[in-house]
Amino acid sequence: MSETSGRLPLTAPARTVLGFGPLALLILAQLSAASDRFLITLVTTPVKQALGLSDAQLGLLHGSAFVILYALTMPLIGSLADRGHHRQILLASIGLWTLATLGFGLAGSFAVLFLSRLALGLGQAGLVPASLSLIAHGSAQGRMARNVSLFTAGGSLGQSFALLAGGAILAWLVLRGGLACPGLGPLPPWRALFLLACLPNLALILGAVAVRLPRAPPAARAGLKPAWTWILRRRRIYLPHFAAAACAVLMGRTLAAWGPTLYVRDHGMSPAESGMVLGGLLLIGGPLGHLSAGLLLDRVARARRRAAASRLLGFGLMAALPPAIVMAVASDRTLSLAAFTLLTAVIGFTAPPAVAGVQLLTPVSLRGRVSALFVAAVTLTASGTGPPLLGLLADTVFGAEYLGRALMVLYGLVGVPGILLAFRAARMGRPLTGAGR
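The numbering used here puts the first residue of the sequence shown at 44, with every later residue one more than the last.
If you want it as structure tokens, here you go:
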């Protein structure tokens, strides 16, 4: 049967169930990837001083340098994932982003820093499609959304880990005056931090070699055309779901980029204090939202309510607006931080229905490619527009001292359309309920 015939099975045949070991490996890899990606936020000032960079160059390193190859290559890697090359993709991905992390720490110019971030994006582009393909093929009946939520929670934990553990290690390195490394000589603290960040990835590589991964039947055709055809034929549900997910991710990326600065400007916290406090709160709120959504989504998925994923996404976007308002306008720091914690939990809640919803709507043989197209489109849109747009609002409308108000307005401009799009996708998905039985 052709992959584009419209009658592909939405559920997987019998397969090797994804055990604790492989799932733990994927979660730890996601945690490490997010930590290595966001580690740059800790060393912006020393990197700028050491290499004489401008703020514009730093902005490119934070966003565009990582996103370009990450978004462009992910769909192609998704094709390889659907052909069953999961282990090879994981090994190449972890190895490349580890070398990129090391390269960033040893870079002596902006050009090398930029190339290192490009390589980091290219390396990490393989993790999501390979992992989601493995989870989709290997999850037991009624547990896919839960496993997806555990995987996405790894990203939230990785951001928190970068702030908490990275900050503590950086403080230790500053007290030591850096680190002496054989063959490299004395390294200043920020360079030594990136060198040490590579060490956990070596254990991940060994784990990817040793762990037994589920065996998935390769797709009959591995090109992107079948995935595009499937999406376009069902565009009335896929496009609004993609767009609503992009709104949710944009809100999360903007909060991650500007949250520490907001508390420095609006509540008088130091950058170090802001990073450590928000990192601890993110450690509480993020996983709570991810896991609760995964458990709830599994319950509705077992009832064959595939459109419920988009509906849960809409409810999550609705729930994000009140704490965002309180966080932005509250003059009391404790109240604002409590709202921040709730907001991170709610934004975390939107991730499983956004990601697993695509899995539930997509045939088994196309999930790697469709998921890759989904993540690439959403990441490029959210990371490319959210943080710069908030900065533009603060500069041109509200002023730097009213960053919270700018964030509140941006959330309204993005959140309301996202809610409408999510519920539209849910309405369009009702005819699919019960499909694939």
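Glycine residues also receive a C-beta, built at the ideal position from the N, C-alpha and C atoms.
Could you tell me how far apart the beta carbons of residue i and residue j are, in whole angstroms, since I believe they sit closer than 8 Å?
| i | j | result |
| --- | --- | --- |
| M361 | I462 | 5 Å |
| T297 | P430 | 5 Å |
| P15 | L409 | Limits of the chain in this structure are 44 at one end and 480 at the other, which puts residue 15 out of reach. |
| L423 | A114 | 4 Å |
| L464 | L450 | Contact flag wrong, Cβ pair sits at about 21 Å. |
| A291 | L356 | 7 Å |
With DSSP run on the structure shown, which of helix, strand or coil describes residue i?
| i | result |
| --- | --- |
| A419 | helix |
| R290 | The question names Arg, but residue 290 is Cys in the sequence shown. C290: helix per DSSP, three-state reduction. |
| A478 | For A478, the predicted structure reports a pLDDT of 41, less than 50, and the residue's modelled location is therefore unreliable. A value from the coordinates is still provided. Residue state, collapsed to three classes: coil. |
| G228 | strand |
| V105 | Reading off the sequence shown, one finds His at residue 105, where the question assumed Val. Residue state, collapsed to three classes: helix. |
| P257 | coil |
| G295 | helix |
| G198 | helix |
| V86 | coil |
| M312 | coil |
| L267 | coil |
| G95 | coil |
Measure the C-alpha to C-alpha separation of residue i and residue j and round it to an integer number of angstroms.
| i | j | result |
| --- | --- | --- |
| L256 | L207 | 31 Å |
| P229 | G169 | 34 Å |
| A124 | A336 | 26 Å |
| Q92 | S152 | 12 Å |
| F383 | V369 | 9 Å |
| R467 | A135 | 39 Å |
| A381 | T387 | 10 Å |
| R412 | H129 | 13 Å |
| Y281 | I274 | 6 Å |
| L145 | A235 | 9 Å |
| T304 | A205 | 16 Å |
| R276 | T405 | 12 Å |
Are the CB atoms of residue j and residue i within a distance shorter than 9 Å?
| i | j | result |
| --- | --- | --- |
| A188 | A352 | yes |
| G201 | R80 | yes |
| R178 | A251 | One point to set straight first is that residue 178 is Ile, not Arg, in the sequence displayed. Contact: no. |
| S379 | D438 | no |
| I132 | P172 | yes |
| A108 | R160 | yes |
| G166 | A143 | yes |
Which residue comes first and which comes last in the alpha helix (DSSP H) that contains residue i?
| i | result |
| --- | --- |
| A72 | F63 to F81 |
| G221 | Where G221 is concerned, there is no enclosing alpha helix (DSSP H), given that its DSSP letter is neither H nor E. |
| L386 | R376 to L404 |
| L156 | F153 to Q167 |
| M361 | A351 to V372 |
| L133 | H129 to L149 |
| S176 | L170 to G181 |
| A437 | Segment: none, A437 is in no alpha helix (DSSP H) and carries neither H nor E. |
Could you spell out where the beta strand (DSSP E) holding residue i opens and where it closes?
| i | result |
| --- | --- |
| P243 | That residue, P243, is in no beta strand (DSSP E); its alpha helix (DSSP H) goes L242 to A253. |
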